[in-house]
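Q:
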Amino acid sequence: MKLLYFAWLREKTGVSEETADPPADVATVAGLLDWIEARGGGHAEAFADRRAVRVAVNQEYVSLDHPVAAGDEIAFFPPVTGG
Amino acid sequence: MKLLYFAWLREKTGVSEETADPPADVATVAGLLDWIEARGGGHAEAFADRRAVRVAVNQEYVSLDHPVAAGDEIAFFPPVTGG
Amino acid sequence: MIKVKREDFDLGAELKALIDGNHQIGGLCSFVGLVRDMAGDEAISAMTLEHYPGMTEKELERIEAEARDRWPLDATLIIHRYGRLEPGDQIVLVAAASAHREAAFDACHFLIDFLKTKAPFWKLEDTPDGGQWVDTRTSDDAATARWVKPDKAAE
Amino acid sequence: MIKVKREDFDLGAELKALIDGNHQIGGLCSFVGLVRDMAGDEAISAMTLEHYPGMTEKELERIEAEARDRWPLDATLIIHRYGRLEPGDQIVLVAAASAHREAAFDACHFLIDFLKTKAPFWKLEDTPDGGQWVDTRTSDDAATARWVKPDKAAE
Chain A
217 MKLLYFAWLR EKTGVSEETA DPPADVATVA GLLDWIEARG GGHAEAFADR RAVRVAVNQE
277 YVSLDHPVAA GDEIAFFPPV TGG
Chain B
217 MKLLYFAWLR EKTGVSEETA DPPADVATVA GLLDWIEARG GGHAEAFADR RAVRVAVNQE
277 YVSLDHPVAA GDEIAFFPPV TGG
Chain C
221 MIKVKREDFD LGAELKALID GNHQIGGLCS FVGLVRDMAG DEAISAMTLE HYPGMTEKEL
281 ERIEAEARDR WPLDATLIIH RYGRLEPGDQ IVLVAAASAH REAAFDACHF LIDFLKTKAP
341 FWKLEDTPDG GQWVDTRTSD DAATARWVKP DKAAE
Chain D
221 MIKVKREDFD LGAELKALID GNHQIGGLCS FVGLVRDMAG DEAISAMTLE HYPGMTEKEL
281 ERIEAEARDR WPLDATLIIH RYGRLEPGDQ IVLVAAASAH REAAFDACHF LIDFLKTKAP
341 FWKLEDTPDG GQWVDTRTSD DAATARWVKP DKAAE
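Residue numbers (our numbering), protein chains in the order written: chain A, 217 to 299; chain B, 217 to 299; chain C, 221 to 375; chain D, 221 to 375.
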């Protein structure tokens, strides 16, 4: 799956885009976040406060219990501040 | 005093502007309207339905009991429809 | 700023001039009223806007002053045309600029609502049945009533 | 129509193109968001707008479609810029045109309120203390909540 990070999530993880291949038991957004955090370092720091993180799967807003699958584009970003 | 008529009040009276010199006992807008109506013809027709008439004295909206005096500019017109 | 005139106006140039150089402005809300080719079921070929020179400017200045009193505004503009206009022509422009978007929206909305019930303009529409004076719409009064402050409504 | 781009836009030309030739339009309401030179008490020398290409367009199209579903609109426009902007620069334009003024106002207001809480843009402000990501304003959420329909609020 393709992971995207924006704004300060991009800065903290140090990555704007990466290809990830989590184990098969990672089935939801929440599970994916646990797996990302377990990588430690900037990734752990970025997701310390999950209330500050919004998630889109295939360019649609989703909640933490949304399923994730191989081939998905999953984006993590702070609340939006455009306009 | 100077009397002004706009829109269909102008059309019905046949006058856009006239100088009037009503008797001294004409002291309010209502009294002035009575006096104008008594002139008959288009003037009487124009003011048959006073609810359809708005009045400004010296370019300010007023009610029927507002005083009028020599030298005033008094305008009669239908509800406005600009914008 | 108030402009009452027969000639058309350049919407983009007017809005640009209104905000030019003021970097405190965060939002500019504007409304343009245009001549429609229909009024209800009737075709309109043209309209003539009559107004009360002198009082028109005074009323528009009163409306603008009240908006600036109610909201924190950096700039306001009212342009209203008179004379003969055709479908698609611009009739009126109101605009409000503020540091804050809600103030710009509310003030702009207030300006057009009040203008429609207070400014002495009258529309004569050219229809297939001849010239017809536009009736006041009760919806305009309702739109204005919305802006009455509680302490004023009781007066 | 949706435009997401780095370059500035010509406000007057965009609005004119939106209504050109459609004589059913009676009112055009627009809102322009501009870069301010202050944020709270801090001076802003510039800002950088980051966005999520692809999702941005999709979200703006969803917002536009919902507005057109809710109100009888003849035309709608959303332009949003990204990249580096300076105080006074135009950030965003939303506009709605309708036969009816209230529909134009409400739809325009809806477009900017929803854009501010849904479209994936993030502002990084250059301040004397360095770059700072703008926080979400709870007032934006409140502004959006206002548009929730009673039947949707219960879901």
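A virtual CB, placed ideally from N, CA and C, is assigned to each residue, including glycine.
Would A287(D) pass as a contact of A316(D) if the rule is Cβ separation under 8 Å?
A: yes
Q: Between the segment 254 to 284 of chain D and chain C, which residues of the former have a C-beta closer than 8 Å to a C-beta of the latter?
A: L254, V255, R256, D257, M258
Q: Taking 8 Å as the limit between beta carbons, can you name the residues of its chain near S318(D), skipping five residues before and five after?
A: I245, G246, G247, W291, P292, L293, D294, A324, A327
Q: Are the C-beta atoms of P291(D) and some chain A residue less than 8 Å apart?
A: Going by the sequence as given, residue 291(D) is Trp instead of Pro. Not one chain A Cβ lies under 8 Å of W291(D).
Q: Specify the secondary structure class of K369(C) as computed by DSSP and reduced to three states.
A: Reduced to three states, the DSSP call for K369(C) is coil.
Q: Looking at the strands, I want to know which residues DSSP matches up with A291(B).
A: L220(B), A272(B)
Q: Which whole runs of the beta strand (DSSP E) in the segment 248 to 297 of chain C are 3 residues long or more, in chain order?
A: 266 to 271
Q: Mind pulling the chain D residues with CB within less than 9 Å of F222(A)?
A: E270, H271, Y272, P340, W342
Q: Assess contact between the segment 260 to 270 of chain D and the segment 342 to 354 of chain D, defined as three or more Cβ pairs (one per stretch) separated by less than 8 Å. Is contact present?
A: Flag = yes, the segment 260 to 270 of chain D and the segment 342 to 354 of chain D touch.
Q: Can L225(A) and A236(A) be called in contact, C-beta distance under 8 Å?
A: Going by beta carbons, L225(A) and A236(A) fall outside the 8 Å limit.
Q: Pick helix, strand or coil for E375(C), following the three-state DSSP scheme.
A: Its pLDDT being 43, under 50, E375(C) is placed unreliably in this model, and the value from its coordinates should be taken loosely. Coil.
Q: What does H320(C) reach in chain B if we use C-beta pairs closer than 9 Å?
A: Those within 9 Å of H320(C) in chain B number zero; the least Cβ separation is about 25 Å.
Q: Where do the N-terminal and C-terminal ends of the alpha helix (DSSP H) with E234(C) fall, by residue?
A: Start and end: 231 to 239.
Q: Is the beta carbon of L313(C) closer than 8 Å to that of L335(C)?
A: no
Q: Would you call the segment 247 to 266 of chain B and the segment 251 to 271 of chain A touching, i.e. three or more CB-CB distances under 8 Å?
A: no
Q: With three or more beta-carbon pairs closer than 8 Å as the criterion, would you say the segment 239 to 247 of chain B touches the segment 270 to 285 of chain B?
A: yes
Q: Taking G232(D) and L238(C) to be in contact with their CB atoms under 8 Å, please state how far apart those CB atoms are, rounded to whole angstroms.
A: In fact, because the Cβ distance is near 12 Å, the residues do not count as touching under 8 Å.
Q: My output table needs one value for H166(C): the three-state DSSP class, helix, strand or coil.
A: Residue 166(C) is absent from the model: chain C starts at 221 and stops at 375.
Q: So which of D355(D), K338(D), F330(D) has the shortest CA-CA distance to W367(D)?
A: The residue with the shortest Cα to Cα distance from W367(D) is F330(D).
Q: Is it buried or exposed for G253(D), if we count other Cβ within 10 angstroms and need 16 for buried?
A: Burial call: buried.
Q: CA-CA distance, G350(C) and H320(C)?
A: 47 Å
Q: Given a cut-off of 8 Å, decide if F341(C) and H271(C) are closer than it, judged by their beta-carbon atoms.
A: In this structure, H271(C) places its C-beta atom within 8 Å of the C-beta atom of F341(C).
Q: Please confirm whether V312(D) has its beta-carbon closer than 8 Å to some beta-carbon of chain A.
A: So yes, V312(D) belongs to the interface.
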